[in-house]
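These notes are about the structure you will find just below.
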Amino acid sequence: MGQGGAPARTAFVTLVTNADYAMGAVALARSLLKTGTTADIVVLHTGAVDSQALAPLVTLGCRLVEVAHLPLSEPFNERHARRNLHGAAPFTKGRKPDFHTPLDNFCKLRLWQLTEYTRCVFIDADAIVLKNIDRLFDYPEFSAAPNVYESLADFHRLNSGVFVARPSLATFEAMLVALDEPDRFWRRTDQSFLETFFPEWHGLPVFMNMLQYVWFNLPDLWDWKSIAILHYQYEKPWERDHPKSSELKPLIDLWHDVYAGRDVDPASLPQPPGRP
Ligand code: UDP
Ligand code: MN
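Have a look at this one:
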């Protein structure tokens, strides 16, 4: 039950600000529908995405919600512009595609405005779901999985590619104030912000947001039977060629199968290199 005895309404929510991420969202939506979920699938999109790129999402039955960028100060936008952010806080572990605009990430916070839902699960458009994850709606705000892709130290930080939240206009307003304090710089954009805004965040199992670099950095952690959400952080599986495409080939092939609507049995997938 939701507030006031009304039935709980739940949604999976993603964000799309250009045609590339719309492609990602198509694969995500297809993968979610395969799990048999009855929750809504909401695609937040900016006006910059043309209707052709959004059309397949409409066909899949997604609810499209147009959003504007957040009303942030000019200095904030300047500090978080791609060239400035990449200069002040360079990415040393992997590479971001040219179509990634850091400032767009903050639009994720619009999820808190979706007060018609009692619980939302946000999922990045560069992720796919491999099994039913409806039980995530029973987790409290704010829940996220650790940002694990290199070492044990990664468990200190969360990854904002998957999180559980309770929409609330009061929370949204409080976020806008905290976000744009003078001279605030969020080196990993919404991720750094959410970690700070929810210092007592609840941990989701790592399999709820398995990052693709685990495949080659921490192969012992890889377990196809347990992985519920596979997240292609850094390089994207639909980029024609990227520096890690041969290393990640089995994961990229899987993404293309999901995107094309082909059935894949995770049990048939190979083990990471170096694993029997
Ligand atoms: N996003 C977007 N346009 C952008 C940047 C980000 O639509 O220019 C959305 C999209 O849902 C994406 C998420 O924000 O999946 C976070 O960005 P990304 O997944 O590229 O970051 P990473 O997971 O590599 O840190
Ligand atoms: Mn992502």
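Using this note's numbering, read the sequence shown as starting at 2 and increasing by one per residue.
Quick reminder that beta carbons are idealized off the backbone N, C-alpha and C, glycines included.
Beta-carbon proximity of residue i to residue j, cut-off 7 Å
i    : j    : result
S161 : L195 : yes
C108 : L16  : yes
D21  : F123 : no
V178 : L112 : no
F186 : R80  : yes
A128 : A26  : no
L1   : V44  : Outside the modelled stretch of the chain, which goes from 2 to 277, sits residue 1, for which no answer is possible.
W225 : L255 : no
T116 : P168 : yes
A90  : R188 : yes
F173 : Q114 : yes
W216 : P147 : no
R31  : V207 : no
K245 : E236 : yes
DSSP state of residue i mapped onto helix, strand, coil
i    : result
F13  : strand
M2   : Per-residue confidence for M2 stands at a pLDDT of 48, beneath the threshold of 50, marking its modelled position as unreliable; the derived number appears in the next sentence. In this structure, M2 counts as coil in the three-state DSSP scheme.
V44  : strand
V66  : strand
L219 : coil
I230 : strand
G204 : strand
L270 : coil
L195 : helix
L212 : strand
Y22  : helix
W187 : coil
G275 : coil
P244 : coil
W256 : helix
S32  : helix
V265 : coil
K250 : helix
E174 : helix
Assumed close pair residue i, residue j - CB separation to whole angstroms, cut-off 8 Å
i    : j    : result
D191 : L110 : 7 Å
R263 : W223 : Going by Cβ atoms, the distance from R263 to W223 rounds to 22 Å, so no, they are not a contact pair.
L86  : P103 : 5 Å
P238 : L252 : 7 Å
D139 : T18  : In fact, because the Cβ distance is near 30 Å, the residues do not count as touching under 8 Å.
A12  : D41  : 4 Å
Those runs of the beta strand (DSSP E) which lie wholly inside the region 115-167 and span at least 3 residues: 120-124, 128-130, 144-147, 159-166
Meets three-Cβ-pair contact criterion under 8 Å: the region 142-160 and the region 44-56: no
Any 3 or more C-beta pairs closer than 8 Å across the region 37-45 and the region 69-89: no
Touch test, the region 198-205 against the region 134-146, Cβ-Cβ under 8 Å, three pairs minimum: yes
At least three beta-carbon pairs within less than 8 Å, the region 231-241 to the region 203-219: yes
In chain order, each beta strand (DSSP E) run of at least 3 residues that lies wholly inside the region 50-117: 64-67
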